[in-house]
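Student:
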Amino acid sequence: MIEQRELLNKKEIEITIERLCQQLIENHTDFKNTVIVGVQPRGTYFSKRIIAKLQTLISATTIQNGNIDISFYRDDLMRREEPIVPEVMDMNLSVEGKKVVLIDDVLFTGRSIRSAIDALMAFGRPSSVELLTLIDRRFSRHLPIQPNYVGRTIDAIDSERVIVEWKELSGQDRVLMVKSE
Amino acid sequence: MSNLSVDHLLGIKYLKKSDIDLIFKTADNFKKIINQPIKKVPSLRDITIANLFFENSTRTKLSFELAEKRLSADVINFASASSSVKKGETLLDTVNNILAMKVDIVVMRHPNPGASVFLSRNIDAKIVNAGDGAHEHPTQALLDAYSIREKHGKVEGKKVLIVGDILHSRVALSNIYCLQKLGAEVKVCGPSSLMPKHLDALGVTHFSDLKEALEWCDVANVLRIQLERQDVNYFPSLREYAMVYGVNKQVLDGLQKEITIMHPGPINRGVELSSDVADSKHAIILDQVENGVAIRMAVLYLLAGKIKNN
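Okay, structure coming up:
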């Protein structure tokens, strides 16, 4: 049996994005020395929305940004049935001396973010790295990694899955909790 | 499709089109990686690769070694000239001894055709054929086709000419298989003494006139005259070969269109290719070398993904 419940709807996601952007502005003001980096594949949709919102809020012309592919930096290549299909590495900039904000949709074990930090270092030495995530599944961490900005913190057990749907992929923005018995 | 249908890369003959497409797609990612400020990724951190070269090689060996190091694999090198093979050890014994040191992937070049196939049946490691006699040289064919795809947008429908010593060339055979699988039209050109008897079976026709052949093609892959493999004289002299089958600026200037020139290296300048052509903008010889690293990274990465750790 599959049970599913909505954690966030479209409106709630919009409000959450607005709040997260205000928190970012508090720390980064004009974003001149900040780079926003979405984690491929699903973090990029979230990152795109954050950037769009920031641009309207601070009327900045451009916010430096990129998308990082972590496939080759993962630690589970030989522990999977199928090989990881890499996404596009879209980082046409250096992060040397920059304040980086990594963006992903769900923070779960922390392993993806560990890989993303590794991948990031290939593009220079950032002055700092922060993490922004829409959903934080606390109590599920394998590594000592915590987000700086969180949309919603949830408590879920391993058999429950959190699915973030984006309009571009599934026709609507919403966050679901799916439980299979 | 996100997994190779084969466990080893023994030859293009054993690959499906979807395998080649997957290797190209993965190589696109690695090409970006090797143009990053830091060109190394930790993917194969817990993998050990042995490069066994029973025959001389410079660029293939360097290219494999670089690909392996960029993937963070541990690498051991072996060259037969300085090994126990000289003392009479068999291929299987040599390789089993190396495997006892816990090697996961073997990259092998060997003078005997089929050596890598033999190895894959007898030992428990992933095998990558880096050239076996006059049989196949799959990574070279992959990087050649990848370079055509990069230059022309696609391989399908392109007319590719292979010029030179087809008889002794593993590059030619692998190229024919690879390009045909990708939907290109392949023809060859060279003296008939250097054409294999099985050309018809491959579905490849032969031009004896170089100018006519170049007029037909979009891409000309010019092969090296392999003097070391020729036990008898197949043509009167190198000078005569250069005059009849050498690709030079004068010949290219006489064509109605511009064509792309490729060469797997090493070039015998002034024999199969003149210097002014080798260094011209039509030649993508150095792009081939760069793509070689990306292609080999992709092949090793995809094969390593098939090794199960637990």
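These protein sequence lines map, in sequence, to chains A and B. Using the numbering used here, read the first sequence as starting at 1 and increasing by one per residue. Using the numbering used here, read the second sequence as starting at 1001 and increasing by one per residue. No residue lacks a Cβ here, since even glycine has one placed at the ideal position from N, Cα and C.
Is the region 138 to 152 of chain A in contact with the region 99 to 115 of chain A, if contact means three or more CB pairs nearer than 8 Å?
Tutor: Touching, yes, given that three or more Cβ pairs across the two stretches are closer than 8 Å.
Student: What does DSSP give as the partner residues of Arg-1070(B) in its beta bridges?
Tutor: Here residue 1070(B) refers to the residue found at position 70 of the second sequence. Arg-1070(B) is not bridged to any residue.
Student: Quick check on the burial criterion: 16 or more other C-beta atoms within 10 angstroms. Buried or exposed for Asn-1233(B)?
Tutor: Walking along the second sequence from the start, residue 1233(B) turns up at place 233. Flag for Asn-1233(B) reads exposed.
Student: If you follow the alpha helix (DSSP H) that Asn-1291(B) is in, where does it begin and where does it stop?
Tutor: As a position in the second sequence, residue 1291(B) is number 291, starting the count at 1. From DSSP, the alpha helix (DSSP H) with Asn-1291(B) extends over 1285 to 1304.
Student: In terms of residues, what are the limits of the beta strand (DSSP E) holding Ser-180(A)?
Tutor: The residue labelled residue 180(A) in the question sits at position 180 within the first sequence. 174 to 180 is the extent of the beta strand (DSSP E) around Ser-180(A).
Student: Among the residues of its own chain, which have a CB less than 7 Å from the CB of Ile-17(A), if the five just before and after it don't count?
Tutor: Taking the first sequence and counting its residues from 1, one reaches residue 17(A) at position 17. Correct list, in chain order: Arg-49, Ile-50, Lys-53.
Student: Determine, for Leu-120(A), whether the minimum Cβ-Cβ distance to residues of chain B falls below 8 Å.
Tutor: Residue 120(A) sits at position 120 when you count from the first residue of the first sequence. Chain B contact via Cβ: absent.
Student: Against Asp-69(A), what residues of chain B qualify as contacts under a CB-to-CB distance less than 8 Å, listed in chain order?
Tutor: For this step, residue 69(A) is matched to residue 69 along the first sequence. Going along chain B in sequence order, the residues near Asp-69(A) (Cβ under 8 Å) are Asn-1029.
Student: Over the uninterrupted alpha helix (DSSP H) stretch that includes His-1152(B), give me the two end residues.
Tutor: In the second sequence, the residue the question calls residue 1152(B) occupies position 152. Start and end: 1138 to 1152.
Student: Locate the beta strand (DSSP E) running through Met-1195(B), then write down its first and last residues.
Tutor: As a position in the second sequence, residue 1195(B) is number 195, starting the count at 1. No beta strand (DSSP E) holds Met-1195(B); DSSP gives it neither H nor E.
Student: Grab the span of the beta strand (DSSP E) containing Arg-138(A) for me, first residue to last.
Tutor: By one-based count along the first sequence, residue 138(A) stands at place 138. That run of the beta strand (DSSP E) goes 128 to 138.
Student: Measuring only the C-alpha atoms, how far is Pro-83(A) from Pro-41(A)?
Tutor: For the purposes of this step, residue 83(A) is taken as residue 83 along the first sequence, with counting starting at 1. For the purposes of this step, residue 41(A) is taken as residue 41 along the first sequence, with counting starting at 1. Those two C-alpha atoms are separated by around 15 Å.
Student: Mind reading off the beta-carbon distance from Asp-1276(B) to Lys-1249(B)? Whole number of angstroms is fine, and I expect it under 8 Å.
Tutor: Here residue 1276(B) corresponds to residue number 276 of the second sequence, with the count starting at 1. Here residue 1249(B) corresponds to residue number 249 of the second sequence, with the count starting at 1. Their Cβ separation, rounded to whole angstroms, is 4 Å, which keeps Asp-1276(B) and Lys-1249(B) in contact under 8 Å.
Student: Nearest chain B C-beta to Gly-124(A) closer than 8 Å, yes or no?
Tutor: Here residue 124(A) refers to the residue found at position 124 when the first sequence is read from its first residue. Yes, its Cβ sits closer than 8 Å to a Cβ of chain B.
Student: Could you tell me whether the Cβ of Ser-127(A) comes closer than 8 Å to any Cβ of chain B?
Tutor: For the purposes of this step, residue 127(A) is identified with residue 127 of the first sequence, where counting begins at 1. So, not an interface residue.
Student: Grab me the residues of Ile-2(A)'s own chain with a C-beta within less than 6 Å of its C-beta, minus the 5 sequence neighbours each way, in chain order.
Tutor: What you label residue 2(A) is simply residue 2 of the first sequence in a count that begins at 1. Cβ within range, chain order: Ser-180.
Student: What residues from chain A crowd round Pro-1037(B), counting only those whose CB sits closer than 8 Å?
Tutor: If you number the second sequence from 1, residue 1037(B) lands on position 37. Those are Ser-94, Ala-122, Phe-123, Gly-124, listed as they occur along chain A.
Student: I believe Val-85(A) touches Phe-123(A) by the beta-carbon criterion, under 8 Å. Please report the beta-carbon distance rounded to the nearest angstrom.
Tutor: Position 85 of the first sequence, counted from the first residue, corresponds to residue 85(A). Position 123 of the first sequence, counted from the first residue, corresponds to residue 123(A). That pair is no contact at about 22 Å.
Student: Along the chain, where does the alpha helix (DSSP H) containing Tyr-1245(B) start, and where does it finish?
Tutor: Numbered from its first residue, the second sequence carries residue 1245(B) at position 245. Tyr-1245(B) -> alpha helix (DSSP H) spans 1238 to 1245.
Student: Quick check: the region 1116 to 1134 of chain B against the region 1015 to 1027 of chain B, are there 3 or more CB pairs under 8 Å?
Tutor: Counting Cβ pairs under 8 Å, fewer than three are found: no touch.
Student: Identify whether Lys-1159(B) lies in helix, strand or coil by the three-state DSSP scheme.
Tutor: In the second sequence, counting from the first residue as 1, residue 1159(B) sits at position 159. Lys-1159(B) falls in the strand class under three-state DSSP.
Student: Check for me: the alpha helix (DSSP H) holding Gln-1250(B) runs from which residue to which?
Tutor: Numbered from 1 along the second sequence, position 250 holds the residue referred to as residue 1250(B). Element bounds for Gln-1250(B): 1249 to 1253.
Student: What are the start and end residues of each continuous beta strand (DSSP E) run of 3 or more residues lying completely inside the region 20 to 85 of chain A, in chain order?
Tutor: Those beta strand (DSSP E) runs which fall completely within the region 20 to 85 of chain A and span 3+ residues are 34 to 39, 65 to 68.
Student: Quick check on this structure: which residue in Ala-1027(B), Phe-1078(B), Lys-1069(B) has the alpha carbon closest to the alpha carbon of Ile-1047(B)?
Tutor: The sequence position of residue 1047(B) within the second sequence is 47, counting from 1. Here the closest residue by C-alpha is Lys-1069(B).
Student: Just to check my reading of the structure: Val-1158(B) and Ile-1148(B) have Cβ atoms closer than 8 Å, yes? What is that Cβ distance to the nearest angstrom?
Tutor: Working through the second sequence from its first residue, we reach residue 1158(B) at position 158. Working through the second sequence from its first residue, we reach residue 1148(B) at position 148. A small correction: the amino acid at residue 1158(B) is Lys; Val does not occupy that position in the sequence shown. Sure, about 6 Å apart at Cβ, within 8 Å.
Student: Considering only the beta carbon of each residue, do Asn-6(A) and Arg-174(A) sit closer than 8 Å?
Tutor: Taking the first sequence and counting its residues from 1, the one referred to as residue 6(A) is at position 6. Taking the first sequence and counting its residues from 1, the one referred to as residue 174(A) is at position 174. Per the sequence shown, residue 6(A) should be read as Glu rather than Asn. Result yes, Cβ atoms of Glu-6(A) and Arg-174(A) sit closer than 8 Å.
Student: On the criterion of 16 or more Cβ atoms from any shown chain inside 10 Å, does Leu-57(A) qualify as buried, or is it exposed?
Tutor: Against the first sequence, residue 57(A) aligns to sequence position 57. By the neighbour-count rule (16 or more Cβ atoms within 10 Å), Leu-57(A) is not buried but exposed.
Student: Step through the CB atoms of chain A and report whether any lies within less than 8 Å of the CB of Asn-1003(B).
Tutor: As a first step, residue 1003(B) must be located in the second sequence, where it is residue number 3. So, interface residue.
Student: Given this structure, state the Cα-to-Cα distance separating Val-1299(B) from Phe-1064(B), to the nearest angstrom.
Tutor: In the second sequence, the residue the question calls residue 1299(B) occupies position 299. In the second sequence, the residue the question calls residue 1064(B) occupies position 64. Going by the C-alpha atoms only, they are around 10 Å apart.
Student: Report the three-state DSSP secondary structure of Glu-1055(B) (helix, strand or coil).
Tutor: Here residue 1055(B) is taken as the residue at index 55 of the second sequence, counted from 1. The answer is coil: DSSP assigns Glu-1055(B) none of H, G, I, E or B.
Student: Taking C-alpha atoms, which residue in Ala-1130(B), Leu-1143(B), Pro-1111(B), Asn-1097(B) lies nearest to Asp-1124(B)?
Tutor: The count along the second sequence starts at 1 and reaches residue 1124(B) at position 124. If we check each option's Cα against that of Asp-1124(B), Asn-1097(B) comes out closest.
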